[in-house]
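Top line first, the protein sequences correspond to chains A and B.
45 is the number that my numbering gives to position 45 of the first sequence; each next residue is one higher, with no gaps.
Take any residue in the second sequence, note its place counting from 1, add 1000, and you have its number in my numbering.
Everything on this sheet refers to the single structure shown next.
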Amino acid sequence: MVDGPTVVRAIEGAGFTHVVWIPDSHLGTWDGVLRVSPKIMQIRATREGEAVAVAAGLMLGGARPLVVVQCTGFFEAGDAVRNVVHDLGLPLKMIVGVRGWLARQRGKTGDNCPRFAEPLVRAWDIPAVWFDPTTRSPADCELALQMLATGSGSAAILWAE
Amino acid sequence: MMTHREALEVVAAHREDRVVIATMGSVAIWPQLSDTPLDFAYLPSSMGQAIPLGLGLALAKPGLGVVVLNGDGGLLMNLGCLVTLAQHDVPVTVVLIDNGLYEVTGGQPVVGAGRTDFAGLARAAGISRVFAFATAEAWRSGAKDVFAGTGPAFVSLKVAGEVGKPTPTAPRPMAEQIHRLRGAIGVSVT
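In structure tokens form, the structure reads like this:
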């Protein structure tokens, strides 16, 4: 089981300098730990596309940001993602929370987010891996964040919610 | 009312060593006034993203001044960025070209053209240093105050709309612009 403090420690350990994000009911549980992190500056945005643009500016300036958003916002942020990844050629790193994934595994939701999240992330030519915090260990989390941070191009973790 | 070029000439006279991010119609004019590594023609751009991009740059390089030349149509696509900008004590100056038009798409009016109080929106978003100028003379007189303060600033300029202009192009490829900009602000990327 991976909880908020574990995730934030993994983000810190991977060398990210900023988290640009919009919390949802799952990702939002990381908020308290992020606020007090001595290594990470959290930046709240009003829309997911805006978060992507803030991250682009941070990357231009030499920082190493991580964008954390729910898939619903990723859906609307498509043009910002296209612009940063493919026009500016910047290595955008994201955690995309996939709403309803865990409930869907139990057959308990009609939420169609799980159906569209992975295809749409891949549609922008962004390599993605899944991470289920209910079945994976803290060490797995550290490794996933390390791999996300150290890859040369854009990449995403699809975070099962 | 002032011309777009007059509006940008005042920026050029006051920008000093700030990064200037130009978007949309300003990309056609700004390179004629300044073409240094600190000038970033954000084209092609995702509309509405230049202000947050400027914010990110300023956060990554504390003390670096950033000017964003933004159109009214682009700002309307991302009004929330004013609220985000207001949360940070960064030297980012937004210069809004309020010409009431989507100039690069042929001059169609933006929603609320001529009626939207952009300075009022910026003030209500929490930006404390907000200015508005309707003539070139007033802008020339007031620019010193706009660029003298600290923290985010927003200046709304009433600019005469021009239709029939060709779609602007950036003076050099994006990868080259990024390389030049990073070199100028001391960023090495491994």
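C-beta atoms are modelled at their ideal positions from N, C-alpha and C, and glycine is treated no differently.
Please tell me whether A:N112 has its Cβ less than 8 Å away from any Cβ of chain B.
Along the first sequence, one-based indexing puts residue 112 of chain A at 112. So no, A:N112 is outside the interface.
Which residues of chain A have a Cβ atom closer than 7 Å to the Cβ of B:L1076, listed in chain order?
Along the second sequence, one-based indexing puts residue 1076 of chain B at 76. Simply none; closest approach about 13 Å.
Whole angstroms are fine: how far does the CA of B:K1165 sit from the CA of A:D31?
Mapped onto the first sequence, residue 31 of chain A falls at position 31. Mapped onto the second sequence, residue 1165 of chain B falls at position 165. Approximately 48 Å, taken between the alpha carbons.
Contact check, B:L1055 vs B:H1088, beta carbons under 8 Å
Here residue 1055 of chain B is taken as the residue at index 55 of the second sequence, counted from 1. Here residue 1088 of chain B is taken as the residue at index 88 of the second sequence, counted from 1. Cβ atoms of B:L1055 and B:H1088: closer than 8 Å.
With the cut-off set at 8 Å, would you say B:L1033 and B:L1008 are in Cβ contact?
For the purposes of this step, residue 1033 of chain B is taken as the residue at position 33 of the second sequence. For the purposes of this step, residue 1008 of chain B is taken as the residue at position 8 of the second sequence. Cβ distance < 8 Å, so B:L1033 and B:L1008 count as in contact.
What span of residues does the alpha helix (DSSP H) with B:I1051 cover, start to end?
As a first step, residue 1051 of chain B is located in the second sequence; it is residue number 51 there, counting from the start. Segment A1050 to A1060, the alpha helix (DSSP H) holding B:I1051.
For A:E142 and chain B, any beta-carbon pair shorter than 8 Å?
Here residue 142 of chain A refers to the residue found at position 142 when the first sequence is read from its first residue. Not closer than 8 Å to any Cβ of chain B, the Cβ of A:E142 fails to qualify, so no.
According to the neighbour-count rule (16 or more other Cβ atoms, all chains shown, within 10 Å of its Cβ), is B:S1046 buried or exposed?
What you label residue 1046 of chain B is simply residue 46 of the second sequence in a count that begins at 1. With 16 or more Cβ atoms within 10 Å of its Cβ, B:S1046 is classed as buried.
Do A:R35 and A:A149 count as a contact pair if the criterion is CB distance below 8 Å?
Here the question's residue 149 of chain A lines up with position 149 in the first sequence. Here the question's residue 35 of chain A lines up with position 35 in the first sequence. Taking 8 Å as the Cβ cut-off, A:A149 and A:R35 do not qualify as a contacting pair.
Would B:Q1049 count as contacting chain A if we go by Cβ distances under 8 Å?
Here residue 1049 of chain B corresponds to residue number 49 of the second sequence, with the count starting at 1. Chain A, which has a Cβ nearer than 8 Å to the Cβ of B:Q1049, makes this yes.
Quick check: the segment 89-100 of chain A against the segment 55-74 of chain A, are there 3 or more CB pairs under 8 Å?
yes
Is it buried or exposed, A:N112, if we count other Cβ atoms within 10 angstroms and call 16 or more buried?
The residue labelled residue 112 of chain A in the question sits at position 112 within the first sequence. Result: exposed.
Grab me the residues of B:I1127's own chain with a C-beta within less than 6 Å of its C-beta, minus the 5 sequence neighbours each way, in chain order.
If you number the second sequence from 1, residue 1127 of chain B lands on position 127. Closer than 6 Å at the Cβ level, and outside the excluded window around B:I1127, lie A1086, P1152 and F1154.
Residues within the segment 31-46 of chain A neighbouring chain B, beta-carbon criterion of under 8 Å
M41, I43, R44, A45 and T46
By DSSP, does B:P1152 sit in helix, in strand, or in coil?
The residue labelled residue 1152 of chain B in the question sits at position 152 within the second sequence. Coil, per DSSP.
Which listed residue (A:R106, A:I126, A:S137 and A:F16) has its alpha carbon closest to that of A:V85:
As a first step, residue 85 of chain A is located in the first sequence; it is residue number 85 there, counting from the start. Checking every option, the nearest Cα to that of A:V85 belongs to A:I126.
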